[in-house]
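The number in my numbering is simply the position in the sequence shown, starting from 1, with 4 added.
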Amino acid sequence: MVKTYLKTVRRMFKKHLIRLLSLIGIVLISTGFISGIGSPTDMIKDSIENYYKSQNVSDFVVKSKTGSFTDEQILAVKNHYGEGNVEEGMSVDIQTEERRSLRLYFLNLENMKINKFELVEGERITVDDVNCVYAEEKDNVIKGHFVGEKVEIDIASALNSTIEYKINVTIKGIVRSPLTFGKDGEPSYNNPEDTEIPDNISEINKLDLLENILYCPIDLCPTIIPKGDLYIKAENQDLFNSFSYGYEKYVEKEKVELVKLLGDDIRIITLYDNYSFKSIIASANKVRGIGNILMVIFIAVTLLVVLSSMMRLMDEERSQIACLKTLGYGSTSVVLRYVFFALVALAIGGGVGFFVGYGVSWLICFVFGYGHVMPPISVVVNPSYYFISLGVIVAATLIAVFSVGMRLANNAPADLLRPKTPKKGKRILLERIPFIWKRLSFKYKSSMRNVFRYKTRFFMMLISIAVSTGLVFAGLALLDMCVFGDFGSPAIVGIAVVVVAFAGLLTAVVINTLTTINISEREREIATLMVLGYHDGEICGYIYREICISAFFGILLGYPVGIGLATLVFKTIGFGAVGDVSWFIWILIPFIVFGFTLLVTLMLRPKIVKTKMNESLKAVE
């Protein structure tokens with residue numbers, strides 16, 4: 005009996021191979037997308053935290069509004085935080101052109117212990133070098149300099165002085181500072197202190213931004229420029245993660261302490277005030293927000309299609325179930341065949357989905373590099389997102405398959421051997437509109453009646469296509485706002501591309517799966533049409549019309565779904581309104597979904613025309 009049982013299992017897998025591959029595909033896409041988009045935020049934060057600790061980034065940059073600190077003030081700060089945790093310096097922004105500035109840092113370059121930067125090109129500055137400086141690495145906004153370049157700096161302009169004071173320096177090295185991650189624009193000190201950095205790139209460009217950054221030896225600082233910067237590393241900062249609530253509370257407490265030590269005439273810049281830090285974390289959090297919203301949608305669509313496919317599979321195999329029960333197999337043994345079928349699809353799809361998620365995470369982190377100067381990132385798929393998505397899908401599928409299968413298997417074999425009685429045809433709503441109904445040909449009337457006759461099948465297709473359409477709309481709307489609306493960073497553009505790609509793949513797989521099921525269920529009907537003399541084109545058209553009708557209504561319903569989904573995404577990440585989405589996006593949606601639908605249906609033409617009449621029309625009573 006075991007041998008016979010295993011043979012039936014092998015035959016089931018062989019017969020329904022296409023369905024198995026479809027289920028694997030949809031599980032793969034869902035778990036890959038969810039784990040991939042849920043991982044980068046944590047990876048980026050961990051990478052930044054490790055990088056900040058390795059470069060000993062300051063927790064506080066304190067600038068004097070009066071121009072300089074007294075020796076007593078500096079001593080008080082060093083006594084509080086430890087002498088090795090405080091460094092003196094100066095930084096000024098010199099206006100070079102409209103809304104562009106040159107920032108000069110005057111630091112102890114030979115013995116930097118705080119905010120250590122990386123030498124990218126050139127040589128390190130020694131005591132023998134005269135008037136030699138470092139330049140910030142060139143990126144999208146920072147123009148940068150080249151090694152050996154000579155630069156003339158008008159210091160007097162920084163002080164609004166009428167006395168001409170210029171220094172000539174030589175670029176000896178190109179460095180990368182841990183305080184400068186942003187590529188979209190680093191705001192100048194010339195902006196008002198209370199200026200909030202907008203998410204909109206076009207609005208950022210209206211601010212005074214840095215054009216270049218130079219790091220000069222502190223001895224090069226002219227006497228007319230007071231040393232009014234303190235770089236402070238909290239002594240016990242290693243006890244906290246920079247992204248933790250504990251560290252946030254600590255920073256707020258220390259800001260109060262710094263005011264007590266130095267007075268009110270100071271400007272305190274923390275990591276949370278650092279533009280680069282804020283920019284990259286805001287982008288990472290937006291990715292997390294998008295992932296949290298779309299995770300639910302992807303899981304819902306996957307469950308809908310997987311459960312629908314498995315339910316219909318068991319219904320199609322009523323006669324096989326009856327035969328197995330007649331041979332003495334128990335209901336549990338019979339149902340386990342389908343549980344095993346589902347487990348294989350889920351295991352393969354979930355397993356491959358893990359590696360797809362790895363690729364998605366790598367891609368998102370790679371895209372981040374176009375908007376930020378990123379430290380090395382270790383790409384590791386977040387297990388929580390992966391196991392949550394896969395666990396929910398597996399649990400819901402197995403429970404549903406087992407419960408429905410047991411209910412079906414508990415029927416008497418004689419009842420199972422009888423084909424299900426076809427549903428009685430009823431007048432549909434369109435028939436009550438004579439003006440339209442009378443102008444339809446017979447083939448369109450029959451297609452309309454078939455679509456609305458099997459309401460469960462229709463609504464399953466309707467909801468699946470509607471949700472898929474909504475995902476495509478949300479992805480394209482997000483991409484449109486990033487590219488044409490000047491919202492978000494290049495990182496968000498990359499996320500939008502990923503969303504559109506996976507939404508499109510999900511739509512294609514959903515349509516393929518449901519269409520395949522539809523054709524399998526109607527083999528007797530197709531065979532009957534063949535017997536009546538219908539040629540291949542007429543039969544395919546008969547099936548295609550019904551699929552297109554379902555797709556049409558699904559797309560119509562998909563618009564409000566997409567609007568709601570896009571609104572939720574925009575609200576989460578702080579974008580504009582859905583009404584700001586370009587007009588061509590609204591028109592493009594039906595063409596994309598219909599394109600996927602037509603492509604899938606055409607690919608399934610061989611399955612329709614190769615239907616075997618003899619087997620399909622065999623009596624089973």
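We put the beta carbon where it would ideally sit given N, CA and C, even for glycine.
Check: Which residue spans inside the segment 14 to 98 form an unbroken beta strand (DSSP E) run of at least 3?; Outcome: 64 to 68
Check: What whole-angstrom Cβ distance do residue 146 and residue 153 have, given they're in contact under 8 Å?; Outcome: Going by Cβ atoms, the distance from residue 146 to residue 153 rounds to 14 Å, so no, they are not a contact pair.
Check: Using DSSP with H/G/I as helix, E/B as strand and the rest coil, what is residue 136?; Outcome: strand
Check: Which of the three DSSP states is assigned to residue 172 in this structure?; Outcome: strand
Check: Using only alpha-carbon positions, find the residue among 66, 125, 535 that is nearest to residue 277.; Outcome: 66
Check: Can you tell which of 101, 385, 290 has the C-alpha that lies nearest to the C-alpha of residue 158?; Outcome: 101
Check: Which residue or residues does DSSP assign as beta-bridge partners of residue 235?; Outcome: 65, 91
Check: Any idea if residue 74 is buried or exposed, counting beta-carbon neighbours within 10 angstroms, 16 or more meaning buried?; Outcome: exposed
Check: Specify whether the segment 584 to 604 and the segment 552 to 570 touch according to this definition: at least 3 beta carbon pairs, one from each stretch, less than 8 Å apart.; Outcome: yes
Check: At a cut of 8 Å, does the segment 50 to 70 reach the segment 116 to 125 through at least three beta carbon pairs?; Outcome: yes
Check: Please classify residue 150 as buried or exposed, where buried requires at least 16 neighbouring CB atoms within 10 angstroms.; Outcome: exposed
Check: Could you tell me the alpha carbon to alpha carbon distance between residue 225 and residue 72, rounded to whole angstroms?; Outcome: 13 Å
Check: Using a Cβ-Cβ cut-off of 6 Å (strictly less than) and excluding sequence neighbours within five positions of residue 292, which residues of its own chain qualify?; Outcome: 45
Check: Pull up the CB-CB distance for residue 434 and residue 452, whole angstroms please, since I reckon it's below 8 Å.; Outcome: 6 Å
Check: Using C-beta distances below 8 Å, list every residue in its chain close to residue 385, excluding the 5 sequence neighbours before and after it, in chain order.; Outcome: 39, 40, 43, 358, 361, 362, 365
Check: By the three-class DSSP mapping on this structure, what secondary structure does residue 193 have?; Outcome: coil
Check: Given a cut-off of 8 Å on the beta-carbon distance, is the pair residue 339 and residue 399 in contact?; Outcome: no
Check: On a CA-only basis, which of 28, 13, 48, 25 is nearest residue 377? Give me that one, please.; Outcome: 48
Check: Taking only the alpha-carbon atoms, compute the straight-line gap between residue 473 and residue 510 and give it to the nearest angstrom.; Outcome: 10 Å
Check: Quick check: the Cα distance between residue 581 and residue 481, rounded to an integer number of angstroms?; Outcome: 10 Å
Check: If you drop the 5 nearest sequence neighbours on each side, which residues of the same chain put their C-beta closer than 7 Å to that of residue 484?; Outcome: 585, 586, 589
Check: Hey, would you say residue 262 sits closer than 8 Å to residue 64, going by beta carbons?; Outcome: yes
Check: Taking Cβ positions, are residue 353 and residue 31 nearer each other than 8 Å?; Outcome: yes
Check: So, do the segment 108 to 115 and the segment 83 to 95 have three or more beta carbon pairs nearer to each other than 8 Å?; Outcome: yes
Check: Report the option in 246, 547, 394, 178 whose CA atom is closest to the CA atom of residue 531.; Outcome: 547
Check: Pull up the CB-CB distance for residue 476 and residue 593, whole angstroms please, since I reckon it's below 8 Å.; Outcome: 6 Å
Check: Hey, could you find the ends of the alpha helix (DSSP H) residue 245 is sitting in?; Outcome: Here residue 245 belongs to no alpha helix (DSSP H), and DSSP marks it neither H nor E.
Check: As a quick exercise: from 387, 327, 551, 610, pick the residue whose alpha carbon is nearest that of residue 602.; Outcome: 551
Check: Would you mind giving the Cβ-Cβ distance between residue 248 and residue 275, rounded to the nearest angstrom? I have them listed as a contact below 8 Å.; Outcome: The pair is not a contact, with the Cβ atoms about 12 Å apart (cut-off 8 Å).
Check: Since residue 180 sits in a beta bridge, which residues does DSSP pair it with?; Outcome: 122
Check: Given a threshold of 16 other Cβ atoms within 10 Å of its Cβ, counted over all protein chains shown, does residue 70 qualify as buried or as exposed?; Outcome: exposed
Check: I'd like the span of the alpha helix (DSSP H) that includes residue 552, first residue to last.; Outcome: 540 to 577
Check: Can you give me the Cβ contacts of residue 479 inside the same chain, cut-off strictly under 7 Å, excluding the 5 residues immediately before and after it?; Outcome: 500, 503, 504, 507
Check: State buried or exposed for residue 382, treating a residue as buried only when at least 16 other CB atoms are found within 10 Å of its CB.; Outcome: exposed
Check: Counting along the chain, where does the alpha helix (DSSP H) carrying residue 151 start and finish?; Outcome: Unbroken run through residue 151: none, as it is neither H nor E.
Check: With residue 302 and residue 37 assumed to form a contact (beta carbons below 8 Å), what rounded beta-carbon distance in angstroms separates them?; Outcome: 6 Å
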